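Below you'll find the structure, written out as structure tokens, and then a few comments.
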Amino acid sequence: MKRVFLMALSGVIGLVFYIGHCNAAEKKLPVINGKEVVAMVNNEPITAEEFGVALGDIQHGKVEEGSKASVIDYKGILDRLIDEQLFLQEARTIGIDRLPDVTASINDNAQKTLAKMLVRGQWDKVEVDKDEVERRYKEETREYKITALVFEKEEDAKAMEDEISSGAPFDDVVKKVIADGKILESTEGEYVKERDLLPEVSGVISKMEVGTVSPLIKFDKGYVKARLEDVRYPDDPEIRARITASLASIQRVKTLDEYTKSLIKKYVTIDEKLLDRIDYDTSEEEFNKFMEDGRVIARVKKGENVTVKELSAAFQDKFYHGVGDLIKRKGLNIKKQEVLEGILQKRVLVIEAKSQGIDKTDTYKDSIEKYNRTIVFEQFLNKVITPGIRITEDQVRAYYNEHPDSFTTPEMMRIDSLAFDRKENAEAAIRTLSTGTEFKWLKANAEGQVESNEKESLDFGGNVLSVKILPAEVQEVLSGVKAGDFRLLTSSDGYYYVLYAQQVFPSSLRPYQEVKDEIVTELYNNKVAEAMKEWSDKLKEHYPVEIYLEGY
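For the sequence shown, the residue numbers in numbering that gives the first Met the number 0 are 0 to 551.
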């Protein structure tokens, strides 16, 4: 969260700097409805705030992608906002925002947003039981310090048990038994995670007091005798956070279930007799009759009632492979209540959200406005700008032939290395390798090598690497190398390296069929950008655009 905030803040700072730079010693930006305006498109303002958000989004996107900071294209950002406004106004002029699929999507999003905001408010009240977190944390992290002996034969195990029972010190008996070699294995004073113990052993150890000795514990391969010396719970913030998150998720589900049931009770009256009489498990023919049944099965205060027809349609939506098999297996009637509650849940959440005035909040309005603009903008692109765009096979082929560098894989090598502090040792290693000595053996045995913890050195570790990313001095030494060759590098870091080119993968042009889809995407995106530019220029002839940033 902090990182995102800082990126958004940097966008605002960048905007302030840019506006201050452009408007220095010039007139201030106009203010409309209390907000500074950077541009006007046909009397609709683009505010400095919108400009700042767009700037912040771009910078945040670079951070998410791991891109390095670059010069910010303020002009490009404002041009994009202007184009978006032009397309939105044209879309509304030609009625795209009134198309049935668009209005349905807008209405559906509005209801989902209301429900989500209401639910989020309830979830914010959820408190995780700290005692339960602690209990589960201890269960997961508990470690036992034990001394334990594992016997194969029962008589050996019982002999040890008899000695301890007769009063012999446990430690003395342990030493004696180990010395006699009568055990399969032993653990002496080591911490062991509870989950790593055999169930038979952990079941006994978990009930013991520190300092006590267990009875003989039988398992499939023998017997265990153990003393519990300590119990500890190592600090692990990640485990604690995971447990807390898991419990919070469970509590949120429970909270939502209880909350929606209370709202259904508050707003809905269900006709239980009618619900009971509806028999979906008779036949598909009877089910289809219910699909036309307009009787009200649930009356909703301040909302739309639920009919048998709607309930039946919900079954069709839920089981998209069809209800025929379920009818034959008598599997629909038992789900009537569940499906009905699913319909009512969505309905009552919206009603309650409106009752609480969530639809009047700026947060809700901003979210809705952003979605509406996005959906209308996308539909304008899909229905007006992109339908005429076609990419032909000849165009794809031509692009492939004209841009071979874009589709050529870099030269790669699998490289390993030895590092020496004296040149003669490195040269001796190359002579030894030239006689057929295995590189791996020499790496383990050659004298004069520099310890890895003593150097900030080149260590390729047998990895496959692109030659282009290697240091220049390494590229020079490896130039023309073949698989199996050894080369000596006198490095600027003061060490002498034996470089072993285990495998060499020459650069090669990727096959056309392999990159065809990439090229189609590239060409399509280019044509979309060109078409958008043409439409923008055309619309500017009809929709006046004013820019208030001086020096833009």
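For glycine and all other residues, C-beta sits at the position ideal for the given N, C-alpha and C.
Everything numeric in this text was worked out from a predicted model, so none of it was measured.
Helix, strand or coil: which one does DSSP assign to residue i?
i, result
"Met531", "helix"
"Tyr542", "coil"
"Ser491", "coil"
"Phe169", "helix"
"Leu552", "Because the chain here runs from 0 to 551, residue 552 falls outside it and cannot be looked at."
"Lys111", "helix"
"Pro214", "coil"
"Leu331", "coil"
"Thr434", "coil"
"Ala23", "In this predicted model, Ala23 has a pLDDT of only 42, less than 50, meaning its place in the structure is not dependable; the value taken from the coordinates is given anyway. DSSP places Ala23 in coil when its eight states are reduced to three."
"Phe4", "Per-residue confidence for Phe4 stands at a pLDDT of 33, beneath the threshold of 50, marking its modelled position as unreliable; the derived number appears in the next sentence. In this structure, Phe4 counts as helix in the three-state DSSP scheme."
"Gln560", "One cannot answer for residue 560 here, as it falls past the ends of the chain, which runs 0 to 551."
"Ala445", "coil"
"Thr360", "coil"
"Phe419", "strand"
"Thr385", "coil"
"Ser201", "helix"
"Thr391", "coil"
"Phe314", "helix"
"Phe16", "Confidence at Phe16 is low in this model, with a pLDDT of 45, below 50, so its placement is unreliable and no value can be given for it."
"Val11", "Unreliable placement is indicated for Val11, whose pLDDT of 45 sits below 50; the coordinate value is still reported in the next sentence. If DSSP states are grouped into helix, strand and coil, Val11 belongs with the helices."
"Ser282", "coil"
"Val295", "strand"
"Val62", "Note that Val62 scores a pLDDT of 46, beneath 50, so its modelled location is shaky; the value from the coordinates is reported in the next line. Val62 falls in the helix class under three-state DSSP."
"Val118", "helix"
"Arg346", "helix"
"Tyr370", "helix"
"Lys144", "strand"
"Phe459", "coil"
"Leu54", "helix"
Give me the residue from the options with the minimum Cα distance to residue i.
i, options, result
"Glu340", "Gly330, Val101, Gln355, Glu309", "Glu309"
"Ala297", "Ile263, Lys327, Arg91", "Ile263"
"Ile414", "Gln474, Val125, Thr489, Lys174", "Gln474"
"Val307", "Glu291, Tyr398, Lys301", "Glu291"
"Asp179", "Phe169, Arg328, Asp155", "Asp155"
"Asp219", "Glu151, Lys260, Ser282", "Glu151"
"Leu348", "Ala313, Lys300, Lys174, Lys382", "Lys300"
"Glu48", "Asn32, Asp128, Lys329", "Asn32"
"His541", "Val37, Leu28, Pro29, Asn42", "Asn42"
"Ser405", "Tyr511, Lys334, Pro168", "Tyr511"
"Glu351", "Val118, Val544, Thr385, Val476", "Val118"
"Lys526", "Leu457, Ile388, Pro543, Lys422", "Ile388"
"Ala247", "Ala445, Glu131, Asn106, Ala530", "Glu131"
"Leu273", "Thr385, Phe286, Val295, Lys359", "Val295"
"Glu423", "Ala445, Phe438, Gly435, Lys439", "Ala445"
"Pro543", "Glu35, Met39, Lys27", "Met39"
For the beta strand (DSSP E) containing residue i, name the first residue and the last one.
i, result
"Gln501", "495–504"
"Glu189", "184–192"
"Pro44", "43–46"
"Ala38", "34–40"
"Leu464", "462–465"
Taking C-beta to C-beta, are residue i and residue j nearer than 7 Å?
i, j, result
"Val172", "Ile182", "no"
"Val125", "Gln315", "no"
"Lys345", "Asp229", "no"
"Gly447", "Phe485", "no"
"Ala114", "Ile367", "no"
"Ile81", "Leu54", "no"
"Gln552", "Tyr258", "Outside the shown range of the chain (0 to 551) lies residue 552, about which nothing can therefore be said."
"Tyr136", "Arg239", "yes"
"Ile518", "Val395", "yes"
"Lys192", "Glu160", "no"
"Val375", "Ile95", "yes"
"Val149", "Gly221", "yes"
"Thr146", "Glu187", "yes"
"Val212", "Phe169", "yes"
"Tyr495", "Ala425", "yes"
"Ile357", "Met531", "no"
Taking the alpha helix (DSSP H) that residue i belongs to, which residues open and close that run?
i, result
"Ala471", "471–477"
"Asp275", "271–276"
"Ile249", "236–266"
"Lys74", "73–92"
"Tyr136", "129–140"
"Ser164", "153–164"
Does the stretch 499–512 come within contact of the stretch 479–486, defined as at least 3 CB pairs closer than 8 Å?
Counting Cβ pairs under 8 Å, three or more are found: they touch.
Any contact between the stretch 458–477 and the stretch 396–410? By contact I mean 3 or more CB pairs, one from each, below 8 Å.
Three or more beta-carbon pairs separated by less than 8 Å link the stretch 458–477 to the stretch 396–410, which places the two stretches in contact.
Touch check for the stretch 221–228 and the stretch 189–207: three-plus C-beta pairs under 8 Å?
With a cut-off of 8 Å, the stretch 189–207 and the stretch 221–228 count as touching, because enough Cβ pairs lie within range.
Is it the case that the stretch 81–96 contacts the stretch 366–385, given that we only count it when at least three CB pairs across the two stretches are under 8 Å?
Short answer: they touch.
Give a yes or no on contact between the stretch 323–337 and the stretch 264–281, applying the rule of three or more CB pairs nearer than 8 Å.
The stretch 323–337, when compared against the stretch 264–281, does touch it at the 8 Å Cβ threshold.
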